[in-house]
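J.: Under my numbering, residues 3 to 200 are what the sequence shown spells out, in order.
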Amino acid sequence: MSDPLDEVGLWALIREDLSCHRNDWSRPGFRAIAVCRFGQWRMRIRSKLLRAPFSMLYRAMFRRCRNGYGVELPYSVKLGRRVVIEHQGAIVIHGSAVIGDDCVIRQGVTLGNRYNDRPREAPQLGKGVNVGAGAKLLGAITIGDHATIGANAVVLNDVAPGDTVVGIPARPLRKKSAGSSPDDIDTEDYFETDTTMA
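As structure tokens, this is what we get:
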């Protein structure tokens, strides 16, 4: 993934992010992304002495987003353009994660590593990935472009482009027939009905 800072620059990126967050600068998701962008920008200052005041400011803002809004999005994340953090709270993004353009992240989402002995392994999201509330994506997995991760899903394996996955562990939903629409999903394998109480 190319670096958005190289493509359009810091202020253009932040204006674009603001637009994606309904032009509401008070939204915690926008603020967390803006802080991440600022953190990435300040690392381009080669002189540690000149970078130092920007680093102090970044650390203060990062802690505010993490501790106040519940959004942990470190500057080391490879963050695409027009990413939206829809709601705040309990969002943890691993520092080695990759989030492609036009992705949506919701509250309670974790993009993290799976094994203690492999601490730098983290998910890579393609373009246009939609991550539902409470979903956990763990380990060195790749989520294909325009995939959808269902709410509270635990994703431990790669997800193909365009697939929708749900459950624990997450599995792809199957369509009922070859000509069916995305709304015609066969869910009988994913929802069990307890008839013993009837």
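Ideal Cβ placement from N, Cα and C applies to all residues, glycine included.
Note down, in chain order, each residue of its chain lying with its Cβ closer than 8 Å to the Cβ of Pro163, except the 5 sequence neighbours on either side.
T.: Taking the sequence shown and counting its residues from 1, one reaches residue 163 at position 161. So the qualifying residues of the chain are Gly128, Gly146, Asp147, His148 and Ala149.
J.: Could you name the residues that DSSP lists as bridge partners for Val94?
T.: Start at 1 with the first residue of the sequence shown, and residue 94 comes out as number 92. Glu74 and Thr112.
J.: May I have the straight-line CA-CA distance separating Gly46 from Gly91, to the nearest angstrom?
T.: Here the question's residue 46 lines up with position 44 in the sequence shown. Here the question's residue 91 lines up with position 89 in the sequence shown. What sits at residue 46 in the sequence shown is Arg, not Gly. Going from the Cα of Arg46 to the Cα of Gly91 covers about 30 Å.
J.: Let me make sure I understand the geometry here. Which of Asn154, Pro30, Ala172 and Val10 has the alpha-carbon closest to that of Gly110?
T.: The residue given as residue 110 occupies position 108 in the sequence shown. That would be Asn154, whose Cα lies nearest to the Cα of Gly110.
J.: Specify the secondary structure class of Arg68 as computed by DSSP and reduced to three states.
T.: Along the sequence shown, one-based indexing puts residue 68 at 66. Helix.
J.: Taking the CB atoms as reference points, tell me whether Ile87 and Ile16 lie closer together than 8 Å.
T.: As a working mapping, residue 87 is identified with position 85 in the sequence shown. As a working mapping, residue 16 is identified with position 14 in the sequence shown. No, the Cβ-Cβ distance between Ile87 and Ile16 is not below 8 Å.
J.: First and last residue of the alpha helix (DSSP H) that includes Leu7?
T.: Against the sequence shown, residue 7 aligns to sequence position 5. Segment Pro6 to Glu9, the alpha helix (DSSP H) holding Leu7.
J.: Can you check which of these residues, Val85, Tyr77 and Val157, is closest to Pro171 by C-alpha distance?
T.: Residue numbering aside, residue 171 sits at position 169 when the sequence shown is read from its first letter. Among Val85, Tyr77 and Val157, the Cα nearest to that of Pro171 is on Val157.
J.: Can you give me the C-alpha to C-alpha distance between Arg53 and Leu7, rounded to a whole angstrom?
T.: The residue you call residue 53 lines up with position 51 of the sequence shown. The residue you call residue 7 lines up with position 5 of the sequence shown. Arg53 and Leu7: Cα-Cα distance of roughly 17 Å.
J.: For Arg53, which of helix, strand or coil comes out of DSSP?
T.: The sequence position of residue 53 within the sequence shown is 51, counting from 1. DSSP places Arg53 in the helix class (H, G or I) of the three-state scheme.
J.: Per DSSP, which residues does Val86 bridge with? Please list them.
T.: Your numbering for residue 86 matches position 84 in the sequence shown. Val106, per the DSSP bridge assignment.
J.: In angstroms, rounded to a whole number, what distance separates the CA positions of Pro30 and Cys38?
T.: Walking along the sequence shown from the start, residue 30 turns up at place 28. Walking along the sequence shown from the start, residue 38 turns up at place 36. Whole-angstrom Cα-Cα distance: 12 Å.
J.: Hey, would you say the C-beta of Pro6 is under 7 Å away from at least one heavy atom of the ligand MG?
T.: Here there are no bound small molecules, and the ligand MG is not part of this structure.
J.: Can you tell me whether DSSP reads Ile151 as helix, strand or coil?
T.: Position 149 of the sequence shown, counted from the first residue, corresponds to residue 151. Here Ile151 sits in strand by DSSP.
J.: Mind checking Ala200: buried by the 16 CB within 10 Å criterion, or exposed?
T.: Here residue 200 corresponds to residue number 198 of the sequence shown, with the count starting at 1. Per-residue confidence for Ala200 stands at a pLDDT of 41, beneath the threshold of 50, marking its modelled position as unreliable; no derived number is given.
J.: Determine, using beta carbons only, whether Val100 and Thr112 come nearer to each other than 8 Å.
T.: Residue 100 sits at position 98 when you count from the first residue of the sequence shown. Residue 112 sits at position 110 when you count from the first residue of the sequence shown. No, the Cβ-Cβ distance between Val100 and Thr112 is not below 8 Å.
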